[in-house]
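Under our numbering, residues 132 to 862 are what the sequence shown spells out, in order.
Ideal Cβ placement from N, Cα and C applies to all residues, glycine included.
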Amino acid sequence: MFKDGDIVKVLIPNVINTGYDYRLTANADTGDFVRVTVMNRQYIGVIVGSGDGNLDISKIKPIIEVCNIGHLSRADIDWIYKMSQWTLMTPGAVLRLILNVPDAFLPPKTEQLYRVNFDSKIKMTDARQAVFDAFQSNDNDAMSINDIVNIAHVGNAVVRGMIKSGVLVESVVREKTNTDFIYKYFDTKNVVLNDEQRAAADILKTAVDKNEFSVHLLDGITGSGKTQVYFDALLNAYNNGKSVLLMMPEIALTAQFMDRFKQRFGNPPVVWHSNLTSARRRNIWQGVARGDIRVVVGTRSALFLPWQNLGLIIVDEEHDPSYKQEDMGNYHARDMAVLRGKISGFPIILASATPSIETLHNVALGKYKRIRLTSRFGGATLPKIETIDMRTSRPEIYKINDEEKSGNLSAELCEEIRNTLDEHKQVMLFINRRGFAPIVQCKKCGWVCECPECSMSMNYHKHLNKMVCHMCGKTVAMPKKCPKCGSDVSMRGAGLEKIEEEISVKFPNAKTAIVSSDTMISREALERLVHEMENGEIDIVIGTQILAKGHHFPNLTLVGVVDADMGLFGTDFRSGEHTFQQLFQVAGRAGRGEFPGRVLLQTYNPEHPVIRAICAGDRDEFMGVDMESRRAAKMPPFGQLVAIIVEASKETTLKKYCDDLKRVAPQLNGGKIMGPIAAQIYQIRNWYRMRFLVSGDANANLQPIVRDWLNKIKTPTNVRVKIDVNPMNFM
Ligand code: ADP
Ligand code: ZN
Ligand code: ZN
Numbered sequence: 132m133f134k135d136g137d138i139v140k141v142l143i144p145n146v147i148n149t150g151y152d153y154r155l156t157a158n159a160d161t162g163d164f165v166r167v168t169v170m171n172r173q174y175i176g177v178i179v180g181s182g183d184g185n186l187d188i189s190k191i192k193p194i195i196e197v198c199n200i201g202h203l204s205r206a207d208i209d210w211i212y213k214m215s216q217w218t219l220m221t222p223g224a225v226l227r228l229i230l231n232v233p234d235a236f237l238p239p240k241t242e243q244l245y246r247v248n249f250d251s252k253i254k255m256t257d258a259r260q261a262v263f264d265a266f267q268s269n270d271n272d273a274m275s276i277n278d279i280v281n282i283a284h285v286g287n288a289v290v291r292g293m294i295k296s297g298v299l300v301e302s303v304v305r306e307k308t309n310t311d312f313i314y315k316y317f318d319t320k321n322v323v324l325n326d327e328q329r330a331a332a333d334i335l336k337t338a339v340d341k342n343e344f345s346v347h348l349l350d351g352i353t354g355s356g357k358t359q360v361y362f363d364a365l366l367n368a369y370n371n372g373k374s375v376l377l378m379m380p381e382i383a384l385t386a387q388f389m390d391r392f393k394q395r396f397g398n399p400p401v402v403w404h405s406n407l408t409s410a411r412r413r414n415i416w417q418g419v420a421r422g423d424i425r426v427v428v429g430t431r432s433a434l435f436l437p438w439q440n441l442g443l444i445i446v447d448e449e450h451d452p453s454y455k456q457e458d459m460g461n462y463h464a465r466d467m468a469v470l471r472g473k474i475s476g477f478p479i480i481l482a483s484a485t486p487s488i489e490t491l492h493n494v495a496l497g498k499y500k501r502i503r504l505t506s507r508f509g510g511a512t513l514p515k516i517e518t519i520d521m522r523t524s525r526p527e528i529y530k531i532n533d534e535e536k537s538g539n540l541s542a543e544l545c546e547e548i549r550n551t552l553d554e555h556k557q558v559m560l561f562i563n564r565r566g567f568a569p570i571v572q573c574k575k576c577g578w579v580c581e582c583p584e585c586s587m588s589m590n591y592h593k594h595l596n597k598m599v600c601h602m603c604g605k606t607v608a609m610p611k612k613c614p615k616c617g618s619d620v621s622m623r624g625a626g627l628e629k630i631e632e633e634i635s636v637k638f639p640n641a642k643t644a645i646v647s648s649d650t651m652i653s654r655e656a657l658e659r660l661v662h663e664m665e666n667g668e669i670d671i672v673i674g675t676q677i678l679a680k681g682h683h684f685p686n687l688t689l690v691g692v693v694d695a696d697m698g699l700f701g702t703d704f705r706s707g708e709h710t711f712q713q714l715f716q717v718a719g720r721a722g723r724g725e726f727p728g729r730v731l732l733q734t735y736n737p738e739h740p741v742i743r744a745i746c747a748g749d750r751d752e753f754m755g756v757d758m759e760s761r762r763a764a765k766m767p768p769f770g771q772l773v774a775i776i777v778e779a780s781k782e783t784t785l786k787k788y789c790d791d792l793k794r795v796a797p798q799l800n801g802g803k804i805m806g807p808i809a810a811q812i813y814q815i816r817n818w819y820r821m822r823f824l825v826s827g828d829a830n831a832n833l834q835p836i837v838r839d840w841l842n843k844i845k846t847p848t849n850v851r852v853k854i855d856v857n858p859m860n861f862m
């Protein structure tokens, strides 16, 4: 406890500081939030300890106020600094993740709010649908125009138009307050665990009751009921008076999931993701800070809520790449959750049907304990997975207006689709590429349509009738002729929309839906699809990886993977693992109800180890082999990597800075520094990019070396340096 007049160190949520000294004007404690000024600007910071006397006493400014909401524990502060050491984000940058709800310290705003008038009718457009979805993400709470624009990603004019036509009306209803988010949870007894689930839940109960650090991998096949098992642990921790965080990938936060939660615990969860109104964000942040909200289901950013008395973190789909944050600081939310559990002393549950190699390695080392669920709930069987060898089964040709098109679906797959439709069951086709064709190329000189701002080829999107850059989103008109030589251009490769075309010709009576991040701009849109699937309004759903995530469609019995080879020959060391996980998850969508499922993989490489392992259902064998090859190559988790990505808008500046860095590069024991080389994508949004890659043994502790190295040369103002510890992305 500090007293009025004491000098304390305050950490400010800003990238370039390590904390400043201030004089207290009231009693306060380490971990309290305080309002201070830095260069005439007000900030909310946090007291991290006593002042270090670096500043002349006459220069020390007083604290404006000690905020009466929220408090970080000593362990939380340790966690901030440890996370900073690991990721090389500054402590201030980490604190900024916690204090990213600036409204939380302000009185409620008095903006005009609007609600949806459900009695009015309006012609639906994509933009208007996005507005309705934004409301739905917030349980149809009244919203300000700002909120609508930010969440729906539409222009002001769209919202004004909807107000004018009476679809959105002024709301007199008050904003929700934080008491609206305080629920009581109890066991409804609606779910009875089976023996295998019970045994798993009992192990977790022991860990939760012990209330000390441990990590448990809940390793269960798709459909085994992992959710119900970790729900059990969640309720135990809650009943012990602890707070509980359940992290999920954004796309898995479905109504289906919320219903299951409510069914089990009697009330809905408090949900945290990026599409909440500012009022909701404030209320939830404050509720958590006060310790009133003790259970939150959210995306990776929920890890940074001001948790009080946190006693359990569950990371569902722990292998999911969306836990890795790659803008504004690089961190892996799963690993930072484990770090938090370790420092504060509470258990962590990681759940997956396809755990990451990193996690499996920790199991092998005995650091994480594994709990297995080996059978699908309710006697559902795992689907049969087979290949279609495309070297012998050529794709069937189809015709549009008498013009022959080379197809992408083999006769065998089409036959099986036909059979499935005849049995009134549903089909899912998986192709992990958006748009119609990934490449538009000159037939004569070989020119390829590339994004003018990124070094990437542009994709033809038929629905938009435009070329789209999948890196920066830029669109240009489809070139009619080659701009270099004037010859005709042709499209190469197949995306989602091309498969849709082929299906519509071959199965004209089937009701199809396509699903990708182009069409499913929100979770709500995805939910409509889930409903239509459940109600049998769709026969064939064609989609990208969005479809691979935890959905449960009881009537879906056939999954076809159009191009199982995509991703097999990727350039980074995780391609095998990621392709395996993705195909395995997609396969897991089939036959989850009472009807057995079948999965067909179209491939030119039926002998490839990834494909063979998937067909054999032999996850452990495959992961074992993949792990050995990583061990041999000293890739993570058997070695450490730190990527340094340098970006500049001028090539000369970039080159000079990289040369300067190279000149002062340190000598590493048991490691090396590679680069600088041009990044795989050399140009993004007109910024040029070079990369260094630092590698070392698993215990090399590269971070301080990298930090000291980068500190040797001042970064020019027009250069951006991004540090990525154990990168997932090598672009
Ligand atoms: P996983 O996450 O392991 O793939 P889920 O948790 O989605 O599996 O469970 C698959 C299906 O089985 C879901 O519909 C779920 O509600 C149901 N289920 C699992 N366990 C039980 C149980 N003990 N009682 C009733 N339904 C269950
Ligand atoms: Zn040409
Ligand atoms: Zn681009």
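Can you tell me where the alpha helix (DSSP H) holding residue i begins and where it ends?
i	result
Ile282	276-283
Phe263	257-268
Pro807	Note, Pro807: premise wrong, no alpha helix (DSSP H); beta strand (DSSP E) at 802-815.
Asp137	Neither: Asp137 is in no alpha helix (DSSP H) and is coded neither H nor E.
Trp403	Here Trp403 belongs to no alpha helix (DSSP H); instead the beta strand (DSSP E) covers 401-403.
Lys459	Inspection of the sequence shows that residue 459 is occupied by Met rather than by Lys. Run containing Met459: none; DSSP gives neither H nor E here.
Opposite residue i in the DSSP bridges: which residues?
i	result
Asp163	His202
Val360	Note: Val360 sits in no beta bridge, so no partner.
Glu581	Ser588
Arg501	Leu348
Phe823	Ile775
Ala482	Leu349, Asp447
Pro526	Ser541
So, residue i versus residue j, is the Cβ gap smaller than 8 Å?
i	j	result
Phe938	Ala764	Because the chain here runs from 132 to 862, residue 938 falls outside it and cannot be looked at.
Gly162	Ser189	no
Gly691	Leu560	yes
Leu377	Tyr316	no
Tyr462	Met214	yes
Ile570	Arg503	no
Leu335	Ile211	no
Thr734	Asp696	yes
Arg822	Ala774	yes
What first and last residue would you give for the beta strand (DSSP E) that runs through residue i?
i	result
Lys515	515-520
Val852	850-856
Tyr151	151-154
Cys573	570-573
Phe561	557-561
Met598	597-599
Ile488	Premise fails: Ile488 lies in the alpha helix (DSSP H), 488-495, not in any beta strand (DSSP E).
Leu544	Run containing Leu544: none in the beta strand (DSSP E); it sits in the alpha helix (DSSP H), 542-553.
Glu535	534-536
Please identify the residue among the options whose C-alpha is closest to the C-alpha of residue i.
i	options	result
Arg851	Asn857, Leu785, Ser826, Gln834	Leu785
Asn271	Gly292, Leu299, Val290	Leu299
Met521	Gly801, Asn736, Leu376	Asn736
Ser296	Val177, Asn171, Ser453, Phe249	Phe249
Asp749	Cys585, Pro239, Thr218, Thr505	Thr505
Arg259	Ile282, Gln243, Leu237	Ile282
Val870	Phe477, Thr783, Arg329, Val225	The question about residue 870 has no answer, for the chain in this structure spans 132 to 862.
Val558	Ile352, Ile671, His594, Phe344	Ile671
Lys781	Pro847, Ile548, Val795	Pro847
Ala656	Phe263, Asp234, Asn145	Phe263
What did DSSP end up calling residue i once you bin it into helix, strand or coil?
i	result
Arg425	coil
Trp818	strand
Met293	helix
Gln798	coil
Asp749	coil
Arg246	strand
Pro452	helix
Ser910	Past the edges of the chain, shown from 132 to 862, lies residue 910, and the structure says nothing about it.
Asp207	helix
Pro222	helix
Below 5 Å from a heavy atom of ligand 5 - residues by beta-carbon: For ligand 5, the structure offers nothing, since it holds only ligand 1, ligand 2 and ligand 3.
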